[in-house]
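Participant: Residue numbers (my numbering), protein chains in the order written: chain A, 233 to 346; chain B, 843 to 957.
Glycine included, each C-beta is placed from N, C-alpha and C at the ideal position.
Structural data, given as structure tokens:
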């Protein structure tokens with residue numbers, strides 16, 4: 233049973249527009265959420281995170297929104313750039329019960345067209 | 843230094859070989875991880891070391907043997923692997939349980955091919 237799901241395997245966006253990547257989770261004990269970006273043949277790069285006590289966290293062009301009641305989070309990238317083209321993974325942790333374990337979603341491939 | 847390094851970058855081995863993957867971080871992190879990633883799949887957790895002690899082993903076959911010689915180093919010893927073990931092996935580190943934030947920082951990975 234997948235506890236973290238990214239239902240869109242791919243997303244195509246025009247340069248300069250907003251990219252919105254979505255993630256849903258089922259475990260209500262998750263209390264910390266992260267987004268990673270991954271280029272082929274490289275390790276994931278940490279992008280941004282959010283604690284369950286917040287509903288929004290912003291860092292430059294990247295904003296993560298958390299809707300706890302819907303068990304949904306999203307990553308907004310504005311404006312999108314061709315260099316943002318990569319696979320994006322959301323991940324969640326239940327720090328109290330599972331310590332340092334991250335549960336990853338299946339990933340969304342973002343393609344930003346010039 | 844905010845980097846996790848892994849060696850080698852690529853490794854090709856036969857099913858009877860013994861080899862080791864190495865990982866190093868100098869961020870003072872007290873938790874280190876091994877993940878396996880197959881193409882078009884998310885990283886799959888294998889082992890977690892917390893304060894140099896193995897805290898999680900996700901039912902990984904014994905042909906994979908982790909070792910944490912000190913707080914900065916993590917090894918993965920490989921023996922009698924199968925072709926289906928071919929994958930990208932990722933090392934990561936994080937601050938550990940006492941930290942409020944749990945970002946894991948990943949190395950570039952070792953691309954392993956088992957013939």
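Among residues of its own chain, excluding the 5 on either side of residue 319 of chain A, which ones have a beta-carbon nearer than 6 Å to its beta-carbon?
Facilitator: Locating residue 319 of chain A in the first chain gives position 87, where the first residue counts as 1. Within the same chain, residue 319 of chain A has close Cβ partners 270, 339 and 341.
Participant: In the structure shown, what three-state DSSP assignment does residue 925 of chain B receive?
Facilitator: Counting from 1 along the second chain, the entry for residue 925 of chain B is found at position 83. Three-state DSSP puts residue 925 of chain B in a helix.
Participant: In the DSSP output, which residue or residues are listed as bridge partners for residue 1001 of chain B?
Facilitator: Outside the displayed range of chain B (843 to 957) lies residue 1001 of chain B, so it cannot be described from this structure.
Participant: Go through its chain and collect everything with a Cβ distance to residue 885 of chain B's Cβ below 7 Å, but skip five positions before and after it.
Facilitator: Within the second chain, numbered from 1, the residue matching residue 885 of chain B stands at position 43. Same-chain partners within the cutoff: 877, 879 and 932.
Participant: If you follow the beta strand (DSSP E) that residue 911 of chain B is part of, which residue opens it and which one closes it?
Facilitator: Within the second chain, numbered from 1, the residue matching residue 911 of chain B stands at position 69. Note, residue 911 of chain B: beta strand (DSSP E), 906-912.
Participant: Using CA atoms only, rank isn't needed, just tell me which of A:295, A:299 and A:242 is closest to residue 257 of chain A.
Facilitator: Your numbering for residue 257 of chain A matches position 25 in the first chain. Comparing Cα positions, the closest option is A:299.
Participant: If we ignore side chains and look at the alpha-carbon of each, how far apart do residue 295 of chain A and residue 883 of chain B end up?
Facilitator: On the first chain, residue 295 of chain A is found 63 positions in, with the first residue counted as 1. On the second chain, residue 883 of chain B is found 41 positions in, with the first residue counted as 1. Cα-Cα distance, rounded: 24 Å.
Participant: Assign residue 871 of chain B to one of two classes, buried (16 or more other C-beta atoms within 10 Å of its C-beta) or exposed (fewer than that).
Facilitator: What you label residue 871 of chain B is simply residue 29 of the second chain in a count that begins at 1. So residue 871 of chain B counts as buried.
Participant: Just checking, does the segment 301-320 of chain A make contact with the segment 241-250 of chain A on the three C-beta pairs under 8 Å criterion?
Facilitator: Yes: the two stretches touch, three or more of their Cβ pairs being nearer than 8 Å.
Participant: To which residues does DSSP link residue 931 of chain B through a beta bridge?
Facilitator: Walking along the second chain from the start, residue 931 of chain B turns up at place 89. DSSP output for residue 931 of chain B lists B:878 and B:952 as bridge partner(s).
Participant: Would you report the Cα separation of residue 904 of chain B and residue 291 of chain A, rounded to the nearest angstrom?
Facilitator: Taking the first residue of the second chain as position 1, residue 904 of chain B is located at position 62. Taking the first residue of the first chain as position 1, residue 291 of chain A is located at position 59. Answer to the nearest angstrom: the Cα atoms are 42 Å apart.
Participant: In this structure, how does DSSP classify residue 263 of chain A when only helix, strand and coil are distinguished?
Facilitator: Position 31 of the first chain, counted from the first residue, corresponds to residue 263 of chain A. Correct three-state label for residue 263 of chain A: coil.
Participant: How many angstroms separate the CA atom of residue 889 of chain B from the CA atom of residue 853 of chain B?
Facilitator: Taking the first residue of the second chain as 1, we reach residue 889 of chain B at position 47. Taking the first residue of the second chain as 1, we reach residue 853 of chain B at position 11. C-alpha separation (whole angstroms): 20 Å.
Participant: When the Cα atoms are used, what is the spatial distance from residue 243 of chain A to residue 916 of chain B?
Facilitator: Counted from its first residue, the first chain places residue 243 of chain A at position 11. Counted from its first residue, the second chain places residue 916 of chain B at position 74. Straight-line Cα distance between these residues: approximately 36 Å.
Participant: Based on DSSP bridge pairs, tell me the residues matched to residue 279 of chain A.
Facilitator: To locate residue 279 of chain A, count along the first chain from 1; it is residue 47. Answer by DSSP bridge pairing: none, since residue 279 of chain A is not bridged.
Participant: Please list, in chain order, the chain B residues whose beta carbon lies closer than 7 Å to that of residue 264 of chain A.
Facilitator: Counting from one through the first chain, the residue named residue 264 of chain A turns up at place 32. Chain B residues near residue 264 of chain A: 944.
Participant: Where does the unbroken beta strand (DSSP E) through residue 872 of chain B begin, and where does it stop?
Facilitator: Counting from 1 along the second chain, the entry for residue 872 of chain B is found at position 30. Counting along the chain, residue 872 of chain B falls outside any beta strand (DSSP E), and DSSP gives it neither H nor E.
Participant: Quick one: which chain A residues come within Cβ less than 7 Å of residue 873 of chain B?
Facilitator: As a position in the second chain, residue 873 of chain B is number 31, starting the count at 1. Simply 332.
Participant: Given that a residue counts as buried once 16 or more other Cβ atoms are within 10 Å of its Cβ, and exposed if not, what is residue 924 of chain B?
Facilitator: Within the second chain, the letter at position 82 stands for residue 924 of chain B. With fewer than 16 other Cβ atoms within 10 Å, it is exposed.
Participant: List the residues of chain A whose Cβ lies closer than 9 Å to the Cβ of residue 950 of chain B, in chain order.
Facilitator: For the purposes of this step, residue 950 of chain B is taken as the residue at position 108 of the second chain. Going along chain A in sequence order, the residues near residue 950 of chain B (Cβ under 9 Å) are 273, 274 and 275.
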